[in-house]
Amino acid sequence: MTTNQTHGHGHAQGHGHGHSHDPFADAALADLIDLDGDVVSDYLDELTAWVAGFPTGPVRSIVDLGAGTGTGTFALARRFPDASVLALDASEAMLGRVRAKARERGLDGRVRAEPADVDARWPDAGTPDLLWTASTLHHLADPERTLRDAYSAPAPGGILVAVEMDDQPRFLTDDAGTALEDRALAAMADAGWNAHSDYGPVLTRAGFEVTQRVFTIDVAPPTDDVRRYAHMFLSRLRGAMAERLGPDDVALLDRLVADDGPDSVWVRDDLAVQGTRTAWVGRKA
């Protein structure tokens with residue numbers, strides 16, 4: 016993985032974790048979130064290393080708000096080995112994956128998973144040293160209210176970290192593929208996929224002093240996980256966006272997700288996972 020970061024300091028942004036009522040749809044989304052976490056693990060290590068420089072005291076308690084399948088939960092547990100981590104999510108299916116991973120990794124004494132709906136009310140999560148929310152705020156009915164509520168949550172010297180994808184991931188590096196993704200990204204943006212605000216000013220209005228950093232992800236050459244990730248994402252894209260794309264684009268997507276053929280992601284050696292994600296760290300002013 017190569018990274019290229021820009022830094023911003025001001026006082027003024029893994030996939031979203033919105034869940035359907037279809038357990039099969041939830042399971043497919045959970046698989047996609049897990050694949051993303053595996054493929055961009057180097058980025059997660061770099062992100063949490065950067066975050067570790069902000070707390071002014073020991074990190075003993077962490078809350079992951081909108082934890083999904085636990086990508087952030089376990090990245091934080093690795094980075095802060097003395098901390099307990101509470102994973103909160105509205106989906107019991109996602110929380111079940113967190114609990115299973117905690118048992119498999121021998122972390123069930125440090126990692127807990129509990130249901131919470133922050134649109135309904137702020138959860139009773141104590142006073143964590145680090146409050147983390149990744150690819151979650153843009154799903155909320157009123158993220159500004161949630162961040163105002165969050166201001167009082169961290170312990171003295173603690174921080175809030177918010178992370179968002181700036182756009183959907185890209186996988187295709189040839190001219191035809193890049194053009195397809197340009198049109199598909201525009202269609203997804205029109206449909207509101209992963210749309211999020213600049214949370215820096217929102218955090219500032221909530222009372223935080225804000226630091227922002229943009230992480231660039233570029234994972235190549237393709238591994239088996241990259242191929243699975245591309246196939247799963249492009250299949251979901253094909254199913255959701257076919258009516259918004261032209262027939263030539265749909266035909267190319269069909270060839271990309273086919274089991275074989277020269278355009279299939281299973282045989283291409285020019286795939287990559289590319290994108291940017293923005294992180295905001297908020298400290299109580």
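Going by the numbering used here, the first residue of the sequence shown is number 16, and it counts up by one from there.
Each residue gets a CB set at the ideal place from its N, CA and C atoms; glycine is no exception.
Restricting attention to Gly297, Arg283, Ala45 and Thr219, the CA atom closest to the CA of Leu175 is found in Gly297.
In the DSSP annotation of this structure, the continuous segment of the beta strand (DSSP E) that includes Phe230 starts and ends at Phe223 to Val234.
Across the structure, Arg243 and Val280 are spaced so that their CA atoms are roughly 8 angstroms apart. About 7 angstroms separates the beta carbons of Met256 and Met203, which is inside the 8 angstroms limit, making them a contact pair. For the pair Leu101 and Ala140, the CB atoms are nearer than the 7 angstroms cut-off. Distance from Met180 to Ser212 at the Cβ level is roughly 13 angstroms; contact not present, criterion being Cβ atoms closer than 8 angstroms.
For Ser250, the enclosing alpha helix (DSSP H) covers residues Asp239 to Met256. Taken through DSSP and simplified to helix, strand or coil, Pro216 comes out as helix. A check of alpha carbon separations from Ser99 across Gly111, Thr84 and Asp79 identifies Asp79 as the nearest.
With contact defined as three or more Cβ pairs closer than 8 angstroms, the segment 216-232 and the segment 268-282 are not in contact. Contact between the segment 57-73 and the segment 112-129 is absent: fewer than 3 CB-CB pairs across the two stretches fall below 8 angstroms. Under the rule that a run must span 4 or more residues, the alpha helix (DSSP H) segments found entirely inside the segment 118-195 read 158-166. Leu103 has Leu80 and Glu129 as its beta-bridge partners, per DSSP.
Around the beta carbon of Pro237, 16 or more other beta carbons lie within 10 angstroms, which makes this residue buried. When secondary structure is reduced to three states using DSSP, Thr291 falls in the strand class. With contact defined as three or more Cβ pairs closer than 8 angstroms, the segment 84-96 and the segment 39-53 are in contact. If you draw a straight line from the Cα of Leu286 to the Cα of Leu152, it comes to about 30 angstroms. Assignment of Arg112 by DSSP, reduced to helix, strand and coil, places it in the helix class. For the pair Asp49 and Lys116, the Cα-to-Cα distance works out to about 11 angstroms. Assigned with DSSP and collapsed to three states, Arg259 falls in helix. Here Ala177 is near Thr148, since their CB atoms are less than 7 angstroms apart. The segment 151-165 makes no contact with the segment 184-198, as fewer than three CB pairs between them are under 8 angstroms. The beta carbon of Leu249 is closer than 8 angstroms to those of Phe186, Leu268, Leu271, Val272 and Val280 in its chain, skipping five residues each way along the sequence. The three-state secondary structure of Val54, taken from DSSP, is helix. Secondary structure note for Phe89: its alpha helix (DSSP H) is the uninterrupted segment Thr86 to Arg94.
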